[in-house]
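Read in order, the letters of the sequence shown correspond to residues 35 to 240 in my numbering.
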Amino acid sequence: MEYRIKAQTRGNERPEALRNAGKLPGVVYNRHENYKVVVDLKEFNKVFLSAGIHHVITLEFEGGKKVDTLVRQVNLDKRRRRPEHVDFYALSDEPVQMWVPVKVVGTAQGVREGGVLQLVNSDIQVRVSPKAIPEFIEVDVSHLRIGDSIHADEVSLPPGVKLAMNPRDTIVAIVPPEDAEKLAAEAAEAPTEVEVIKKGKAEEEK
């Protein structure tokens with residue numbers, strides 16, 4: 035699926051004035067360029083709800099210019115709970131470091147035995163060409179028993195996709211029911227915070 039947003043370059047307009055007009059100020063950047071843009075807030079919210087940080091969003095400018103990007107950061111107005119600034123990373127032919135969603139496939143033997151599947155990391159960080167970004171990465175759990183787990187370096191990645199996270203990070207595990215209940219209770223007691231972008235910027239962008 036393609037995701038597109040109409041965009042305009044901007045000058046020195048006051049960001050607050052743009053926001054009051056229903057616009058969202060932002061920047062487009064990579065190693066070689068950095069410029070200010072503005073997009074419609076409602077259009078951005080609609081597209082970002084589906085695309086998130088995992089899918090390419092094409093910015094369409096007047097005159098026919100199109101820039102393929104990934105959303106790298108969204109700053110929230112904490113009081114109004116709405117985006118107030120967005121960073122778009124402009125893709126080129128260079129590989130990009132990004133997070134790709136995990137898709138669990140199969141029914142674990144350990145689940146049939148009464149265990150509980152814990153998706154420890156719902157995304158896997160990889161380095162990949164923009165033209166080969168996978169929609170998701172499948173992780174087959176059918177062989178797992180209670181107490182078993184799958185680490186990042188044990189996941190089968192698509193051709194051209196390289197792992198870019200700690201290889202020993204756990205992706206999925208099958209835990210005894212009592213452990214699952216304890217983890218759920220701890221999660222319920224932990225303070226929650228609205229989080230728009232949960233992953234930091236990639237190393238190639240620093």
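We treat Cβ as the ideally placed atom computed from N, Cα and C, and that holds for glycine.
Note that the structure is predicted; figures quoted are calculated from it, not measured.
Would residue i be called buried (16 or more neighbouring beta carbons within 10 Å of its own) or exposed?
i: K40; result: exposed
i: V139; result: exposed
i: G97; result: exposed
i: K232; result: Bear in mind that the predicted position of K232 carries a pLDDT of just 43, short of 50, making it unreliable; the figure below should be weighed with that in mind. That one is exposed.
i: P211; result: exposed
i: H142; result: The sequence shown places Ala at residue 142, not His. With 16 or more Cβ atoms within 10 Å of its Cβ, A142 is classed as buried.
i: K240; result: In this prediction, K240 has a pLDDT of 40, which is less than 50 and means its spatial position is unreliable; what the coordinates show is noted afterwards. Classification for K240: exposed.
i: P117; result: buried
i: R48; result: exposed
i: N155; result: buried
i: R53; result: buried
Could you give the C-beta distance for residue i and residue j, rounded to a whole number, given that I count them as a contact under 8 Å?
i: V72; j: R44; result: 5 Å
i: V120; j: L58; result: 6 Å
i: I167; j: V90; result: 7 Å
i: V173; j: I205; result: 6 Å
i: Q42; j: F95; result: 7 Å
Check whether the Cβ atoms of residue i and residue j sit closer than 7 Å, and answer yes or no.
i: R157; j: P135; result: For the sequence presented, residue 157 should be read as Asp rather than Arg. Yes.
i: Q131; j: A51; result: no
i: T103; j: A85; result: no
i: Y37; j: V108; result: no
i: V189; j: V162; result: no
i: P201; j: D187; result: yes
i: G144; j: I184; result: no
i: G56; j: L83; result: no
State the start and end residues of the unbroken alpha helix (DSSP H) segment that holds residue i.
i: K76; result: L75 to A85
i: L178; result: Looking at the DSSP string, L178 is not in any alpha helix (DSSP H), and its letter there is neither H nor E.
i: P49; result: P49 to N54
i: V3; result: Because the chain is modelled from 35 through 240, residue 3 falls outside the range shown and cannot be assessed.
What residue range is occupied by the uninterrupted beta strand (DSSP E) comprising residue i?
i: G60; result: K57 to Y63
i: R116; result: R116 to A124
i: I207; result: Correcting the residue type first, residue 207 is Ala in the shown sequence and not Ile. T204 to V209 is the extent of the beta strand (DSSP E) around A207.
i: D111; result: K100 to D111
Are the stretch 176–184 and the stretch 143–152 touching by the rule of at least three beta carbon pairs closer than 8 Å?
yes
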